[in-house]
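Undergrad:
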Amino acid sequence: MAADANAIIAGLGGVDNIIDIEPCITRLRTEVRDASKVDHAALRAAGAHGVMAAGNVVQVVVGPDADTIASDIDDLID
Amino acid sequence: MTTVLAPVAGYVVGLAAVPDPVFSEGLVGPGTAIDPAREPGEVLAPISGLILKLHPHAYVIGGEDGRAVLVHLGIDTVLLKGEGFRLLACEGDRVRAGQPVVAWDPGAIAAGGRSPLCPVVALDARPGTVRATLAAGGAVRAGEELFRWD
């Protein structure tokens, strides 16, 4: 099941917290303003297989639909 | 049962050896990884099916039975933005197991400071359904059976 774009945005701390989202083949590489606003449990509940954070770079592992989910998120953000 | 072929020649090292937790912790599925021979070559389709996703550095082949296998060429190679990779097929193409999909040079990836390891992953496979045909540490030829997905 594909992860839910709206729930991922919320889990990343909302639209205003997201600087950039780039899809790799299995994951979303995101840059956030405030990493403390990222809710790992919410991201997992949204369908993420895992979440890895290093500083302000948060990788959300969503499986091979990453590019579709990233474009859904871009549509919702813009 | 799906037979998954080695996309590249090299040594089987297992997913645990991959310096990326997405693969080493099996977040997208079980499988194995190959440390590729450091010579330019073609990367093969591990199963027959449709190319569901095709990036220069990674691709997913979906089989008739709905199972999908991911091949990832090197670690953090998305950052190369396609440089050093040449596509030999298109997204949406139907390919046979063993057919070339991408051409690359693992030696150049390694020379650039990145790991050229190739994870081969049975996407979202249930635990216990993947059986290695070749144990970690062994040499593998491109196109040789790598693991079975029950």
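The listed protein sequences derive, respectively, from chains D and A.
By the numbering used here, the letter at position 3 of the first sequence is numbered 3, and the numbering carries on one by one without gaps.
Each position in the second sequence, counted from 1, maps to that position plus 1000 in the numbering used here.
Think of the CB as a built atom: it goes at the ideal place given N, C-alpha and C, for glycine as much as any other residue.
Can you list, in chain order, the residues of its chain whose CB lies under 6 Å from that of R1086 (chain A), leaving out five sequence neighbours each side?
TA: A1103, listed in sequence order.
Undergrad: With a threshold of 9 Å between beta-carbons, can G63 (chain D) be considered close to chain A, or not?
TA: Chain A contact via Cβ: present.
Undergrad: Please list the residues of the stretch 38-60 of chain D that have a C-beta atom closer than 8 Å to any C-beta atom in chain A, keeping them in chain order.
TA: Listed by position along the chain: H49, G50, M52, Q59.
Undergrad: Let's test the definition: count the other Cβ atoms within 10 Å of the Cβ of K1053 (chain A) and tell me whether it reaches 16, buried, or not, exposed.
TA: When all chains shown are included, K1053 (chain A) counts as buried.
Undergrad: Could you work out which residue in D:I73, D:I21, D:G13 is closest to A36 (chain D) when comparing CA atoms only?
TA: The question names Ala, but residue 36 (chain D) is Ser in the sequence shown. Of D:I73, D:I21, D:G13, the residue nearest in Cα terms is D:G13.
Undergrad: Quick check on D1124 (chain A) - is its C-beta less than 9 Å from some C-beta in chain D?
TA: Closer than 9 Å: yes.
Undergrad: Cα separation between F1147 (chain A) and G1137 (chain A)?
TA: Taking the straight line joining both Cα atoms gives about 14 Å.
Undergrad: With H, G and I counted as helix, E and B as strand and the rest as coil, what does DSSP make of H40 (chain D)?
TA: H40 (chain D) falls in the helix class under three-state DSSP.
Undergrad: Run the CB neighbour count on L43 (chain D), radius 10 Å, all protein chains shown included, and call it buried at 16 or more, exposed below.
TA: The residue in question, L43 (chain D), is buried, as its Cβ has 16 or more Cβ neighbours within 10 Å.
Undergrad: For V1022 (chain A) versus V1013 (chain A), is the C-beta distance shorter than 9 Å?
TA: The answer is no: Cβ separation not under 9 Å.
Undergrad: Once DSSP output is grouped into helix, strand and coil, what is the label at T1003 (chain A)?
TA: DSSP places T1003 (chain A) in strand when its eight states are reduced to three.
Undergrad: Around the C-beta of G1049 (chain A), are 16 or more other C-beta atoms found within 10 angstroms, so that it is buried, or is it exposed?
TA: Label assigned to G1049 (chain A): buried.
Undergrad: Closest Cβ-Cβ distance between A1058 (chain A) and chain D: below 9 Å?
TA: So, interface residue.
Undergrad: Whose C-alpha, out of A:G1082, A:L1134, A:A1125, A:D1076, is nearest the C-alpha of V1069 (chain A)?
TA: Considering only alpha carbons, the answer is A:A1125.
Undergrad: Among D:V61, D:A45, D:A46, which one has its Cα closest to the Cα of M52 (chain D)?
TA: Out of D:V61, D:A45, D:A46, D:V61 has the C-alpha closest to the C-alpha of M52 (chain D).
Undergrad: Measure the C-alpha to C-alpha separation of T1133 (chain A) and E1145 (chain A) and round it to an integer number of angstroms.
TA: So the two alpha carbons sit approximately 7 Å from each other.
Undergrad: Does V15 (chain D) pass the burial test, meaning 16 or more other C-beta atoms within 10 Å, or should it be called exposed?
TA: So V15 (chain D) counts as exposed.
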